[in-house]
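Engineer: Could you have a look at this structure, given as structure tokens, before my questions?
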Amino acid sequence: MLKKRIIPCLDIKDGETVKGVNFVDIRSAGDPIELAKRYVLEGADELVFLDITATVEGRKTFVQLVEQIAHEINIPFTVGGGISSVSDAAALVKAGADKVSINSAAVRRPELVKEIADEFGSQFVVVAIDAGLVDDEWKVFVKGGREATSINVFVWGKKVEELGAGEILLTSMQNDGTKAGFALELTGKLADDLNIPIIASGGAGNRAHFAEVFEKTNATAALAASVFHFGEIPIPSLKEFLNDQSIEVRR
Amino acid sequence: MIAIVKYNAGNIRSVKNALDRMDVASVITDDPTELKSAEKVIFPGVGEAGTAMSYLRERGLDEIIIGLDQPFLGICLGMQLMCSHSEEKDTKCLGIFKEKVKKFPAKGIVPHMGWNNFNEVKGPLFDGIEVSDNMYFVHSYYAELGEDTVGETDYLVPFTSALQKNNFYGVQFHPEKSADVGQRLLRNFLQL
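One line per chain: the protein sequences are A and B, in this order.
Counting with my numbering, you get residues 16 to 266 for the letters of the first sequence.
Counting with my numbering, you get residues 699 to 890 for the letters of the second sequence.
See the structure below:
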């Protein structure tokens, strides 16, 4: 049986992990490779590396880092942040990324999804959707969740699926950082509307939140950052908990 | 030396990375002499069957692959190309295995993406690997069950996750991305 995936997300700036890393036995908490290896040992099913660097130099460092990750890590990983053209994606795929995640650039120019899918295959393309409530309607947000657009999340989801997205990373801006649980209605509806895998993100605060999103929606994966980085939810204990709730995970 | 077949498919490098991690020397090549003289050959790849087959035929790599007699391992698209036919762009494939490649039914989530285990495994590739062990899959087409099937997995339908005929082996999943258990399978292949 296909297992539900647990995915830690690491923010990278100038080649180093940013904030929120609190593993006592890691020498350099800022070293993404060491942190990634730790997550692999703990049983993470995939990893996501988001480049939050804004400079050209920082971008180059990130591509070099991706090459290093591909050498050292033996599970699949996605990279994202600032990808706005096929050549941006090509550099990361060539460096060894298994998937690239695109967000604002796809909203600006939806054809980018198709271009990258045509060039590398749909399985390389993750479209990240930041969703926020505006007048009781789920709208797509851009620029790291700071700016609302007029685009309806469900209409957008259907469109990127048609354009060739292989997977959707859905983050609820309403839930992100609250530790009050995932956005169940939003996630459930999008997962039912579409035929591609949905990764739920935003709001994880305890182990029961993960169980809930897998029981109540058809999301096939759940992503979180700080609860993993700070060791609040160790991945082995999360997987044991999910297994006890009869949710199939890789152990 | 292990040869990795160079062609127009993605993710070939990730197999070399996996061999590097195991301290096994390998070369990515499409040179017929190098392929024929290699101790073992790996045929990886992610991509689309039609374009991949045209590329192999234009360069005569199809005939070379069929004629190899050392242990040969196809991974993901590589395994599908070793079958007789693929529904993807209605493509005639290498025909090493009789099985046909079909598209997953539209009733479920496609691609089949993530970690999955087996209903059944047999043969030397799975030495020390249990049916409950998970491998990483990502694919929208699958090989039907048949006489060459040595690994069976369930997703929407029961399908072939591994094939073997003589010196030819194929796996649908990505051992190079399947953590320690994937490395175990690669090690088994290298020890054939």
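For glycine and all other residues, C-beta sits at the position ideal for the given N, C-alpha and C.
Please state whether DSSP places residue 251 (chain A) in a helix, a strand or coil.
Structural biologist: Three-state DSSP puts residue 251 (chain A) in a helix.
Engineer: Residue range of the alpha helix (DSSP H) that residue 173 (chain A) falls in?
Structural biologist: 168 to 178 is the span of the alpha helix (DSSP H), which, as asked, contains residue 173 (chain A).
Engineer: Determine the DSSP secondary structure at residue 244 (chain A), reduced to helix, strand or coil.
Structural biologist: Residue 244 (chain A) falls in the helix class under three-state DSSP.
Engineer: Within its chain, find whatever has a CB closer than 7 Å to the CB of residue 124 (chain A); leave out the 5 residues flanking it on each side and keep chain order.
Structural biologist: The answer is none, since no qualifying residue turns up.
Engineer: Which residues in chain A have a C-beta closer than 7 Å to the C-beta of residue 853 (chain B)? List them in chain order.
Structural biologist: The answer, in chain order, is 17.
Engineer: Can you give me the C-alpha to C-alpha distance between residue 1 (chain A) and residue 886 (chain B), rounded to a whole angstrom?
Structural biologist: Nothing about residue 1 (chain A) can be read from this structure; chain A reaches only from 16 to 266.
Engineer: Could you spell out where the beta strand (DSSP E) holding residue 267 (chain A) opens and where it closes?
Structural biologist: One cannot answer for residue 267 (chain A) here, as it falls past the ends of chain A, which runs 16 to 266.
Engineer: Does any C-beta atom of chain A lie closer than 8 Å to the C-beta of residue 761 (chain B)?
Structural biologist: Chain A, which has no Cβ nearer than 8 Å to the Cβ of residue 761 (chain B), makes this no.
Engineer: With DSSP as the reference, label residue 705 (chain B) as helix, strand or coil.
Structural biologist: Residue state, collapsed to three classes: coil.
Engineer: Under a three-way DSSP split, which group does residue 20 (chain A) fall into?
Structural biologist: DSSP places residue 20 (chain A) in strand when its eight states are reduced to three.
Engineer: Apart from the five residues just before and just after residue 16 (chain A), which ones in its own chain have a Cβ nearer than 7 Å to its Cβ?
Structural biologist: Here the set comprises 263.
Engineer: Can you give me the C-alpha to C-alpha distance between residue 36 (chain A) and residue 91 (chain A), rounded to a whole angstrom?
Structural biologist: With a pLDDT of 48 at residue 36 (chain A), under the threshold of 50, the predicted position of this residue should be treated as unreliable, and no value is reported.
Engineer: Can you give me the C-alpha to C-alpha distance between residue 850 (chain B) and residue 150 (chain A), rounded to a whole angstrom?
Structural biologist: Approximately 50 Å between the Cα atoms of the pair.
Engineer: Relative to the C-alpha of residue 108 (chain A), which residue among A:53, A:171, A:140, A:87 is closest?
Structural biologist: Ranking A:53, A:171, A:140, A:87 by Cα distance to residue 108 (chain A) puts A:140 first.
Engineer: Hey, could you find the ends of the alpha helix (DSSP H) residue 84 (chain A) is sitting in?
Structural biologist: 71 to 87 is the extent of the alpha helix (DSSP H) around residue 84 (chain A).
Engineer: Check whether chain A comes within 8 Å of residue 807 (chain B), counting only Cβ atoms and requiring the distance to be less than that.
Structural biologist: Taking Cβ atoms only, chain A reaches closer than 8 Å to residue 807 (chain B), which makes this a yes.
Engineer: Using a beta-carbon distance below 8 Å, is residue 113 (chain A) in contact with chain B?
Structural biologist: With 8 Å as the cut-off, residue 113 (chain A) counts as an interface residue toward chain B.
Engineer: Assign residue 777 (chain B) to buried or exposed, taking buried as 16 or more other Cβ atoms, counted over all protein chains shown, within 10 Å of its Cβ.
Structural biologist: So residue 777 (chain B) counts as buried.
Engineer: Would you decide whether residue 766 (chain B) is buried or exposed? Buried here means 16 or more other CB atoms lie within 10 Å of its CB.
Structural biologist: By the neighbour-count rule (16 or more Cβ atoms within 10 Å), residue 766 (chain B) is buried.
Engineer: Go to residue 772 (chain B), then tell me how far its beta strand (DSSP E) extends in each direction, as first and last residue.
Structural biologist: Where residue 772 (chain B) is concerned, the enclosing beta strand (DSSP E) stretches over 770 to 773.
Engineer: Are the C-beta of residue 49 (chain A) and some C-beta of chain B separated by less than 8 Å?
Structural biologist: By this cut-off, residue 49 (chain A) is not an interface position.
Engineer: Identify whether residue 882 (chain B) lies in helix, strand or coil by the three-state DSSP scheme.
Structural biologist: Three-state result, residue 882 (chain B): helix.
Engineer: Interface residues of chain A around residue 836 (chain B) at Cβ under 7 Å?
Structural biologist: Those within 7 Å of residue 836 (chain B) in chain A are 138.
Engineer: Can you give the Cα-Cα distance for residue 95 (chain A) and residue 105 (chain A), rounded to whole angstroms?
Structural biologist: C-alpha separation (whole angstroms): 12 Å.
Engineer: Could you pull out every residue in the same chain whose Cβ sits closer than 7 Å to the Cβ of residue 800 (chain B), ignoring the five residues on either side in sequence?
Structural biologist: Contacts found: 785, 839, 840, 842.
Engineer: When you compare the CB of residue 814 (chain B) with every CB in chain A, is at least one pair closer than 8 Å?
Structural biologist: For residue 814 (chain B), the answer is yes, since a Cβ of chain A falls inside 8 Å of its Cβ.
Engineer: On the three-pair Cβ rule with 8 Å, is the region 21 to 28 of chain A touching the region 44 to 52 of chain A?
Structural biologist: The region 21 to 28 of chain A, when compared against the region 44 to 52 of chain A, does touch it at the 8 Å Cβ threshold.
Engineer: Would residue 253 (chain A) pass as a contact of residue 21 (chain A) if the rule is Cβ separation under 8 Å?
Structural biologist: Against a cut-off of 8 Å, the Cβ pair of residue 21 (chain A) and residue 253 (chain A) comes out as a contact.
Engineer: Hey, how far is the Cα of residue 42 (chain A) from the Cα of residue 867 (chain B)?
Structural biologist: Interpretation of residue 42 (chain A) is limited by its pLDDT of 47, a score under 50 that renders its predicted location unreliable; the figure taken from the coordinates is listed afterwards. Whole-angstrom Cα-Cα distance: 42 Å.
Engineer: If you compare alpha carbons, which of B:737, B:754, B:877 is closest to residue 789 (chain B)?
Structural biologist: Out of B:737, B:754, B:877, B:754 has the C-alpha closest to the C-alpha of residue 789 (chain B).
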